[in-house]
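Colleague:
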Amino acid sequence: MKKLAYERPIINKLNTGMPNKFGMKTEYLPITHIDEVSVKEIIEKHGSPVYVLSEKNIRATYRKAKKSFTTRYPKVQFAWSYKTNYLNAVCRVFHQEGSWAEVVSGFEYNKAIANGISGDHIIFNGPDKSVSYLTTAINNGSLIHIDNYDELYTIIDLTEKLEKTPKVAIRVNMDTGIFPQWSRFGFNYDNGEAWDALNRILINGNLELVGLHAHIGTYILTATAYTVAGTKLADLATRVKEKYNYVIQYIDFGGGFASKNTLIGAYLPGTDTCPTFDDYAEAITSSIINSNIKPEDFPTIILESGRALIDDAGYILGTVLANKRLADGSRSMVINVGVNLLFTSFWYEHKITPAQKFSPYTEHTSVYGPLCMNIDVIRKSADLPIMKKGDNFVISRVGAYNMTQWMQFITLRPRIVMIDPGGKVHVIREAETNKDFDLFEKIPDYLTKIN
Ligand SMILES: *Cc1c(COP(=O)(O)O)cnc(C)c1O
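Numbering (this note's numbering), first residue to last: 8 to 458.
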């Protein structure tokens with residue numbers, strides 16, 4: 008190889024203000040349309056703020072993720088993580104694409120059934136499964152992922168009463184080299200607890216052990232953590248085969264794939280740092296194909312990816328309420344979208360883009376929501392061009408968790424619309440009204456008159 012010529016290092020002075028570390032201006036093209044539908048028209052028709060979902064994006068992202076796995080491994084099944092976004096229209100798009108349902112509560116279980124998913128295609132996770140929902144799940148042949156010993160013994164007790172053989176898996180937690188280690192869910196691999204639980208299930212004989220499950224965390228930026236998880240789960244499957252001559256049908260890798268959002272404090276944007284579906288698929292499938300599991304016993308790989316499949320499809324459109332200078336002279340902007348609607352702004356630096364033409368000059372700006380509380384901060388400091396009162400903006404990548412973790416605090420939740428692949432806009436959740444809330448409240452007789 009030819010020796011490279013020495014080049015002396017150069018230190019460039021960065022001008023503060025106008026350019027920023029990602030360059031300037033180019034980052035700031037207005038977003039005037041989503042899937043060719045005018046942002047302004049959506050706001051005129053459906054109000055501000057308003058959430059928008061792109062069905063085209065959901066389907067394309069799902070297909071991309073699926074292809075990454077199916078090109079590498081013969082048996083793959085996705086199960087839509089309801090808690091990430093359980094709007095019925097969204098769930099049905101995933102179900103149409105072939106996803107099963109992954110639920111973590113009785114409420115979500117009922118939603119999956121109402122969305123037309125058959126019981127045996129529902130994965131029932133989480134630490135809170137009441138006896139009544141366990142009974143339903145057992146009767147429906149759902150896949151029950153056991154979280155702890157108390158739950159295991161409750162299920163064993165129920166099998167005797169119901170005279171049914173529940174289909175169960177255990178959730179396993181483990182050290183995969185990432186921090187923090189989630190050890191509060193499931194049985195620990197490293198201290199032998201998971202192996203102990205498997206033995207108890209297999210010697211019992213009244214439970215059908217169908218799978219092994221791990222959900223190692225969320226927004227995992229190190230794809231190889233899944234290789235560690237898969238290797239440990241494959242080890243359990245191999246030991247079960249050796250000791251009991253029993254083949255486990257599936258290994259469920261949970262969710263946790265990062266979306267392209269940028270974490271608060273991250274130096275580089277998420278679009279540059281987040282692994283691709285191919286990276287995750289490579290890490291996961293190699294852990295199984297290189298394990299001691301024989302090819303004829305290869306388990307189905309189940310994936311419960313949530314945020315990575317829906318974040319990019321979601322937008323919230325809103326309006327600037329005011330601009331002001333803070334006491335220290337810095338610029339701030341008040342918008343009509345607060346943490347009530349954008350819970351994820353507690354950990355993401357959401358991208359806010361004007362929906363109309365603007366001057367190219369940007370300034371560090373604190374972006375506040377409309378709630379009367381100090382923690383209502385959408386961006387602590389964002390490089391933004393001036394937007395005037397009444398101007399509109401688009402916040403991108405908000406499809407995951409915001410429409411489930413939203414808060415009903417001092418105001419009502421807005422409409423949610425979905426743009427279908429043909430460009431037609433459908434209301435998929437109505438805006439709330441005061442009347443809706445009055446439905447739940449009761450006024451004791453002696454308070455009906457206040458004077
Ligand atoms: C939340 C959750 C998921 C989805 O996680 P993402 O990080 O959104 O992919 C999948 N499985 C289980 C058990 C979960 O609790």
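By construction, the Cβ of each residue, glycine as well, lies at the ideal position given by its N, Cα and C atoms.
Computed from a prediction, not measured in an experiment: that's the story for all the values here.
If you draw a straight line from the alpha carbon of Glu370 to that of Asp390, how long is it in whole angstroms?
Modeller: When rounded, the distance between both Cα atoms is 5 Å.
Colleague: Looking only at C-alpha atoms, which of Val254, Ser337, Thr77 sits nearest to Lys301?
Modeller: Minimum Cα distance to Lys301 is reached at Val254.
Colleague: For Val327 versus Met394, is the C-beta distance shorter than 7 Å?
Modeller: It is a contact, given that the beta carbons lie within the stated cut-off.
Colleague: In terms of alpha-carbon separation, which member of Ser139, Phe284, Tyr251, Lys250 lies closest to Ala265?
Modeller: Checked all of Ser139, Phe284, Tyr251, Lys250; the closest Cα to Ala265 is Phe284.
Colleague: If I follow the unbroken alpha helix (DSSP H) through Gly237, where does it start and stop?
Modeller: From DSSP, the alpha helix (DSSP H) with Gly237 extends over 232-251.
Colleague: Any chance you could list the residues with Cβ under 5 Å from a heavy atom of ligand 1, keeping chain order?
Modeller: The filter returns Ser88, Thr91, Asn132, His222, Thr225, Gly261, Gly262, Gly263, Glu311, Ser312, Gly313, Arg314, in chain order.
Colleague: Quick one: grab the DSSP three-state call for Tyr69.
Modeller: Three-state result, Tyr69: helix.
Colleague: How is Thr91 classed by DSSP in three states: helix, strand or coil?
Modeller: If DSSP states are grouped into helix, strand and coil, Thr91 belongs with the helices.
Colleague: Can you name the start and end residues of the beta strand (DSSP E) that Val175 belongs to?
Modeller: Taken as a continuous stretch (DSSP letters only), the beta strand (DSSP E) holding Val175 covers 174-180.
Colleague: Please tell me whether Ala362 and Val110 are closer than 7 Å, where the distance is taken between their beta carbons.
Modeller: Not a contact, by the Cβ cut-off of 7 Å.
Colleague: Measure from the alpha carbon of Val97 to the alpha carbon of each residue in Gly336, Asp318, Ile18, Ile385, then state which is nearest.
Modeller: The shortest Cα separation from Val97 among Gly336, Asp318, Ile18, Ile385 belongs to Asp318.
Colleague: Apart from the five residues on each side of it in sequence, which residues of its chain come closer than 6 Å, Cβ to Cβ, to Trp107?
Modeller: Excluding sequence neighbours, Trp107 sits near Ala86, His128.
Colleague: Using a 10 Å radius around the Cβ and a threshold of 16 neighbouring Cβ atoms, would you call Arg191 buried or exposed?
Modeller: Classification for Arg191: exposed.
Colleague: For the region 41-69, list the alpha helix (DSSP H) runs that are entirely contained and at least 4 residues long, ordered along the chain.
Modeller: Runs of the alpha helix (DSSP H) inside the region 41-69: 46-53.
Colleague: Check whether the region 66-83 touches the region 443-457, taking contact to mean three or more Cβ pairs, one atom from each stretch, closer than 8 Å.
Modeller: As far as the Cβ criterion goes, the region 66-83 does not touch the region 443-457, which means the pair count is below three.
Colleague: Residues in the same chain with beta-carbon distance under 6 Å from Gly277, minus the five sequence neighbours each way, listed in chain order, please.
Modeller: Excluding residues within five positions, the ones whose Cβ falls inside 6 Å are Lys267, Asn268, Thr269.
Colleague: Helix, strand or coil for Leu294 per DSSP?
Modeller: Position check: residue 294 holds Ser in this sequence, whereas Leu was assumed. Three-state result, Ser294: helix.
Colleague: For Gln175, count the other beta carbons within 10 Å of its own beta carbon; 16 or more makes it buried, fewer makes it exposed. Which is it?
Modeller: Sequence inspection shows Val at residue 175; the Gln mentioned does not correspond to that position. Buried, by the Cβ-count rule.
Colleague: In or out: Pro451 buried (at least 16 other Cβ within 10 Å) or exposed?
Modeller: The residue in question, Pro451, is exposed, as its Cβ has fewer than 16 Cβ neighbours within 10 Å.
Colleague: Answer with buried or exposed for Met414, where buried requires no fewer than 16 other C-beta atoms within 10 angstroms of its C-beta.
Modeller: By the neighbour-count rule (16 or more Cβ atoms within 10 Å), Met414 is not buried but exposed.
Colleague: Of the choices Phe131, Asn155, Asn213, Ile124, whose alpha-carbon is the least far from that of Tyr196?
Modeller: Answer by Cα proximity: Asn155.
Colleague: Should Gly237 and Ser312 be called a contact, given that it needs their Cβ atoms to be closer than 7 Å?
Modeller: The answer is no: Cβ separation not under 7 Å.
Colleague: So, with DSSP's three-state summary, where would you put Leu228?
Modeller: Here Leu228 sits in coil by DSSP.
Colleague: Just the Cα atoms here: how many angstroms apart are Arg314 and His152?
Modeller: Each residue's Cα considered, the two are about 21 Å apart.
Colleague: Per DSSP, which one or two residues make a beta bridge with Ser373?
Modeller: Per DSSP, Ser339.
Colleague: Apart from the five residues just before and just after Ile417, which ones in its own chain have a Cβ nearer than 8 Å to its Cβ?
Modeller: The residues are Asn347, Leu378, Cys379.
Colleague: Per DSSP, what kind of secondary structure is Asp135 in: helix, strand or coil?
Modeller: Note: Asp135 maps to coil in three-state DSSP.
Colleague: Is Arg15 buried or exposed, if buried means 16 or more other CB atoms sit within 10 Å of its CB?
Modeller: When all chains shown are included, Arg15 counts as exposed.
Colleague: Does DSSP put Asn458 in a helix, in a strand, or in coil?
Modeller: It is coil, neither helix nor strand.
Colleague: Name the two residues that bound the continuous beta strand (DSSP E) containing Ala108.
Modeller: That run of the beta strand (DSSP E) goes 107-110.
Colleague: Do the region 287-294 and the region 225-239 meet, that is, are 3 or more Cβ pairs less than 8 Å apart?
Modeller: In short, these stretches touch, since the Cβ pair count reaches three.
Colleague: Answer with buried or exposed for Thr33, where buried requires no fewer than 16 other C-beta atoms within 10 angstroms of its C-beta.
Modeller: Confidence in Thr33 is poor, its pLDDT being 48 and thus under 50, which makes the residue's placement too unreliable to answer from.
Colleague: So, do the region 353-367 and the region 292-300 have three or more beta carbon pairs nearer to each other than 8 Å?
Modeller: The region 353-367, when compared against the region 292-300, does not touch it at the 8 Å Cβ threshold.
Colleague: Going by beta carbon distance, what residues of the same chain come within less than 6 Å of Ser403, once the five residues before and after it are set aside?
Modeller: Answer for Ser403: Tyr322, Lys358, listed in chain order.
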